[in-house]
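Some notes on the structure that comes next.
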Amino acid sequence: MGAAGAAGGANAATGGVFSSSASSGGTAGAGGAGGGVASVASNTDLGPKSREADDFYQGRERDRSRERDDREDELVKVYDGIASFRHHSYKLISVPRHISVEQLVGAAMWAFHLTGDPADFYLTDLCGNSEKEIDEPNPIPSLTRIDGRKPALLLRFRETTDSGWVRVHAGRLHVSESPKLVPVSSGTNAANLLSESLPLFGLEMANADDFAVTEVIMHKGVSERVLAREEIPWDSLKLIGRDSLREMQRTRFYLQRKEVASSENLAVFVSNLPFNLSQRQYEKILLDILGKAENKYSSIGPIYYEYGSMVVTYLNSDDAVQACYTLKDATYEDRALSVALLPNIIPELIPSGVQPLLVFVNVKSGGCQGLELVTSFRKLLNPYQVYDLDIGGPLPGLYVFRHVKDYRILVCGGDGTIGWVLQCLDNVGQDSECSSPPCAIVPLGTGNDLARVLRWGPGYTGGEDPLNLLRDVIEADEIRLDRWTVVFHPEEKAGDDKVGGMTNVPAISNEDNSQMFVMNNYFGIGIDADLCLDFHNAREENPNKFNSRLHNKGVYVKMGLRKMMGRKMCKDMNKEIRLEVDGKLVELPPVEGIIILNIFSWGSGASPWGFERDDQFSVPNHWDGMLEVVGVTGVLHLGQIQSGLRSAIRIAQGGHIRIRMNIELPIQVDGEPWIQSAGEIVVLKSALKATMLKKRKGSSTSSISSIGAPSSKSRGHQQQAVLPSAVVEDDNGAFEAPSCNSGSSSSKAQLYSTTV
Numbered sequence: 000m001g002a003a004g005a006a007g008g009a010n011a012a013t014g015g016v017f018s019s020s021a022s023s024g025g026t027a028g029a030g031g032a033g034g035g036v037a038s039v040a041s042n043t044d045l046g047p048k049s050r051e052a053d054d055f056y057q058g059r060e061r062d063r064s065r066e067r068d069d070r071e072d073e074l075v076k077v078y079d080g081i082a083s084f085r086h087h088s089y090k091l092i093s094v095p096r097h098i099s100v101e102q103l104v105g106a107a108m109w110a111f112h113l114t115g116d117p118a119d120f121y122l123t124d125l126c127g128n129s130e131k132e133i134d135e136p137n138p139i140p141s142l143t144r145i146d147g148r149k150p151a152l153l154l155r156f157r158e159t160t161d162s163g164w165v166r167v168h169a170g171r172l173h174v175s176e177s178p179k180l181v182p183v184s185s186g187t188n189a190a191n192l193l194s195e196s197l198p199l200f201g202l203e204m205a206n207a208d209d210f211a212v213t214e215v216i217m218h219k220g221v222s223e224r225v226l227a228r229e230e231i232p233w234d235s236l237k238l239i240g241r242d243s244l245r246e247m248q249r250t251r252f253y254l255q256r257k258e259v260a261s262s263e264n265l266a267v268f269v270s271n272l273p274f275n276l277s278q279r280q281y282e283k284i285l286l287d288i289l290g291k292a293e294n295k296y297s298s299i300g301p302i303y304y305e306y307g308s309m310v311v312t313y314l315n316s317d318d319a320v321q322a323c324y325t326l327k328d329a330t331y332e333d334r335a336l337s338v339a340l341l342p343n344i345i346p347e348l349i350p351s352g353v354q355p356l357l358v359f360v361n362v363k364s365g366g367c368q369g370l371e372l373v374t375s376f377r378k379l380l381n382p383y384q385v386y387d388l389d390i391g392g393p394l395p396g397l398y399v400f401r402h403v404k405d406y407r408i409l410v411c412g413g414d415g416t417i418g419w420v421l422q423c424l425d426n427v428g429q430d431s432e433c434s435s436p437p438c439a440i441v442p443l444g445t446g447n448d449l450a451r452v453l454r455w456g457p458g459y460t461g462g463e464d465p466l467n468l469l470r471d472v473i474e475a476d477e478i479r480l481d482r483w484t485v486v487f488h489p490e491e492k493a494g495d496d497k498v499g500g501m502t503n504v505p506a507i508s509n510e511d512n513s514q515m516f517v518m519n520n521y522f523g524i525g526i527d528a529d530l531c532l533d534f535h536n537a538r539e540e541n542p543n544k545f546n547s548r549l550h551n552k553g554v555y556v557k558m559g560l561r562k563m564m565g566r567k568m569c570k571d572m573n574k575e576i577r578l579e580v581d582g583k584l585v586e587l588p589p590v591e592g593i594i595i596l597n598i599f600s601w602g603s604g605a606s607p608w609g610f611e612r613d614d615q616f617s618v619p620n621h622w623d624g625m626l627e628v629v630g631v632t633g634v635l636h637l638g639q640i641q642s643g644l645r646s647a648i649r650i651a652q653g654g655h656i657r658i659r660m661n662i663e664l665p666i667q668v669d670g671e672p673w674i675q676s677a678g679e680i681v682v683l684k685s686a687l688k689a690t691m692l693k694k695r696k697g698s699s700t701s702s703i704s705s706i707g708a709p710s711s712k713s714r715g716h717q718q719q720a721v722l723p724s725a726v727v728e729d730d731n732g733a734f735e736a737p738s739c740n741s742g743s744s745s746s747k748a749q750l751y752s753t754t755v
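Position 28, counted from 1, in the sequence shown is what my numbering calls 27; the numbers after and before it change by one each time, with no gaps.
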């Protein structure tokens, strides 16, 4: 109760007249306590009953106000370490204002899915003047608030805690036991951990000197290092916990034979370098950064020239780790390098019948949904199966899987992300055991037209269980997707013009200045591409504003209205274009844009071709070797198509298209726009193949173990199923396939985690 409330309470207790002035200070309350007349004139004329009623209602309002304060929840930001604070990555929790400090610690741990004794954790006020532990019984009211912002807390692990547990996994030890929890303390070094762990895996007769402990950290990818024998694992864990408590609890330790841990080549992936340099230039960049004397890499290659990326191989793990740290801190031409230490896969250790799953997640798609999926899939699968496309793109994952003969890919992102992955497959597929792995989709983008056609839905909402997504991938059917090559031949005077927009999908340039792109979905010229270009430019200027599908569609609508009112760049476009389909000249109707379709969906689920039967054309699909050409008359027509009120104008259908443009016009290929100068465009069937996964109708019913688990016969002699397709970790740390009902029985097949 505040001073004013206390004064009012004293006033009522002594029988004085209650005054509304009591709420503004102690003067009126003091007067009331002494029995004097209140300072508000309007209340001095109240009769006894009126004054009594007034006191009653005023008191009841105060009680209600206090109850509201007691019940009111407060939003608090919680960080799990210094690194999360540095990257502005926090959890927002809602807690009662009068929550105890013990309950607040528990709520913060729950938000980050942390296990352990709450007494081993504490909170500090990030906005306060010191890093002192919060020890008040009810801390929320006293938290520091700057400029009315939400209070912020930092959850820490007590470094005075000198003992705990670590999870130890069997590496390539030819044993089938599940991971073990091993007690450790500040006096337990890696050699002690080996001695205590080996008997737990049935290796009590083994010589501990023949083994090593590998620490595996899962943070923005997966990194590992071999611990020195005198190194203290518990101290290493606490050091990781300073940056992130989540990463502290996700850290694993693996037992490996020394010859395995030290003999394998280690690959470091380096990207964000300039495009299309020579091999000698890339080597010089590397030597300038690492230093010639200290450089101990074994080889360089492959080099992905069109992506500005390369793989550097080391024979020694210490050298590889040191190179990673050096390269991560380096910049070239004012750009920070992107660096990842890649694992090794031994294909012979993959059990027969297991089809591994490689997951790519575009964390920039779908708001924060991409980050959530990365975390979820790394829990369900082996973490080496899940790659954040923000770190080097799809190439690191495809390089790691290059020797796997049969696997599937799950792409989490929009249509542009899918095209990016397929384009990288085109570049590395010929050097891989599996040149065209089938791809499934979790749609995180705005349009998601290819995902709609393949039944993966209009967009991931975050409500789907990631485990069910894996079931859908397992049950999906393989289908073929036609792909097309779009060749641009600009006029001679346009030799210096650049084709823009295709940031993830590099163009192939020839000596005659022609450029080639691969098209998966559709290709537009005119008003459709003009709107797409405006949207693209707006998103490039303020990418943080374009984090929801609803907002993105609203921006499209506003831009369309502006186009209707402003200058029409594409007016009478049909007079400036000459169209040939399969060698025949096609007369264009009055249109402001044409769209060439490979799939039935366009513009976030619209169908420009329409559903009406037409004897002149065959029913389109995405594997018939045919393209559909339609026309739109303007922005209003585009809006009607997207609303389902009208179809586009059907113009032609064929497998080879030639377009002559007399003027420069907006162009878009699979949603990537730019202004194309006058010249000739040829669209022809691509020799590149794409195998996609089409989701089956209905719910998932079959067991995940069908592609994830070795048979009972092979389980005894096949160890460490590398990269199982769907693996969950139970409370004891064992990796098992989820139990799924099949008929009247429930089967639970044991799976094994990979070690690298």
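Every residue, glycine too, gets a C-beta built ideally from N, C-alpha and C. The structure presented is a predicted model; accordingly, all values stated were derived computationally and were not measured.
- If you draw a 10 Å sphere on the C-beta of V618, you find fewer than 16 other C-beta atoms in it, and that means exposed.
- In summary, Y324 is exposed, with fewer than 16 beta-carbon neighbours lying within 10 Å of its beta-carbon over all protein chains present.
- For E282, the CB contacts under 8 Å within the same chain, skipping 5 residues up- and downstream, are I299 in chain order.
- Secondary structure of G115 (DSSP, three-state): coil.
- In the displayed model, V631 falls within a strand according to three-state DSSP.
- The way I'd put it, the region 221-239 does touch the region 186-195; three or more beta-carbon pairs between them come closer than 8 Å.
- With contacts defined as CB atoms closer than 7 Å, I593 and H621 fail to qualify as a contacting pair.
- Remark: C-beta atoms of E575 and I662 approach each other more closely than 7 Å.
- Following the DSSP letters along the chain, one finds D124 inside the beta strand (DSSP E) bounded by residues F120 to D124.
- Rounded to whole angstroms, S513 and G678 show a C-alpha spacing of 10 Å.
- Residue range L664 to V668 is occupied by the beta strand (DSSP E) that includes P665, with no alpha helix (DSSP H) assigned at that position.
- Taking 7 Å as the cut-off, the Cβ atoms of H402 and P346 count as close.
- Looking at G391, S375 and S88, the one whose alpha-carbon comes closest to that of L468 is S375.
- In this structure F84 touches L153 by the C-beta definition: roughly 7 Å separates them, less than 8 Å.
- In the structure shown, the three-state DSSP call for G369 is helix.
- In the three-state DSSP reduction, D209 falls in the helix class (H, G or I).
- Take the alpha-carbon of D533 and the one of D333: they are about 28 Å apart.
- In the three-state reduction of the DSSP assignment, A677 falls in the coil class.
- A check of alpha carbon separations from Q248 across V362, K684, D287 and L113 identifies L113 as the nearest.
- Between K257 and A205 a beta carbon distance of about 12 Å is seen, past the 8 Å cut, so the two are scored as non-contacting.
- In the three-state scheme derived from DSSP, where H, G and I count as helix and E and B as strand, G127 is classed as coil.
- In this model, D287 and W164 are separated by some 43 Å (Cα to Cα).
- Straight through space, the alpha carbons of L421 and G415 are spaced by roughly 10 Å.
- When the alpha-carbon of R470 is set against those of D425, F487 and R407, the nearest one is in R407.
- In this structure, the alpha-carbon of L687 lies about 20 Å from that of R657.
- A buried status is given to Q641, since no fewer than 16 other beta-carbon atoms sit within 10 Å of its beta-carbon.
- Taking C-beta separations shorter than 6 Å and ignoring five residues to either side along the sequence, the partners of D425 in its chain run L687, following chain order.
- Approximately 5 Å separates the beta-carbon atoms of V310 and A266; this is inside 8 Å, confirming the contact.
- Note on geometry: alpha-carbon atoms of S93 and V104 lie some 13 Å from one another.
- For M247, the enclosing alpha helix (DSSP H) stretches over residues L244 to R249.
- Across the structure, P465 and L409 are spaced so that their CA atoms are roughly 12 Å apart.
- Rounded to the nearest whole angstrom, the CA to CA distance from L142 to W455 is 46 Å.
- Straight through space, the alpha carbons of A450 and S196 are spaced by roughly 47 Å.
- Our two residues, W601 and G609, have alpha carbons roughly 11 Å apart in a direct line.
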